[in-house]
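Sequential numbering from 75 applies to the sequence shown in our numbering.
Even glycine gets a Cβ: it sits at the ideal position worked out from N, Cα and C.
In what follows, a single structure is set out as structure tokens and then discussed.
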Amino acid sequence: MEFLIVIIVLALELWIIGSIGRWLWRSGKNKRWWIGFGCLVAAGICLGGWASSLEYQVSPGMRWQGFPVPLAFFVWEEDRRTDLIPPEAVQWGGFLADLLSGVVICLVPLIVLRLIQQRGFPANDPK
Numbered sequence: 075m076e077f078l079i080v081i082i083v084l085a086l087e088l089w090i091i092g093s094i095g096r097w098l099w100r101s102g103k104n105k106r107w108w109i110g111f112g113c114l115v116a117a118g119i120c121l122g123g124w125a126s127s128l129e130y131q132v133s134p135g136m137r138w139q140g141f142p143v144p145l146a147f148f149v150w151e152e153d154r155r156t157d158l159i160p161p162e163a164v165q166w167g168g169f170l171a172d173l174l175s176g177v178v179i180c181l182v183p184l185i186v187l188r189l190i191q192q193r194g195f196p197a198n199d200p201k
């Protein structure tokens, strides 16, 4: 079940990133757009790497590591902490999903611009 959720999240993120790249390609954007796209992707990878190592407290006895897809769970039981670690394939998929989530978040300005241009509003765009 966990792996299915990771696959769905990965597919959605890859679709969003691919659609932005396809929009840039089909609309014939110049080199500055592609450099900006690359910089946003690099910033997103950094953001996603940070988010995958983020550890936050869900309840007084439970902590999660990784956002938005948790990579590990830590539960405090009486006098000791128990680590609940999913299988390795799920962890790698979750890590990749966390990285791509950072990329999607950083690409939000391009997503908004694409939606504005699709609605017919002229953008001050030097192609």
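- Only residues of its own chain outside the window of five on either side were considered, and among them 139 and 140 have a CB closer than 8 Å to the CB of residue 127, listed in chain order.
- Residue 149 carries a strand assignment under DSSP once its states are collapsed to helix, strand and coil.
- If the five residues before and after residue 157 are omitted, its C-beta is found closer than 7 Å to the C-beta atoms of 146 and 148, all from its own chain and listed in chain order.
- Ranked by Cα distance from residue 181, the options 106, 84, 80 and 117 are led by 117.
- Proximity of the stretch 161–171 to the stretch 91–111 falls short of the contact definition, fewer than three beta-carbon pairs being nearer than 8 Å.
- In the DSSP assignment, the residues bridged to residue 137 are 131 and 148.
- By a beta-carbon distance limit of 8 Å, residue 184 contacts residue 94. Their separation comes to about 5 Å.
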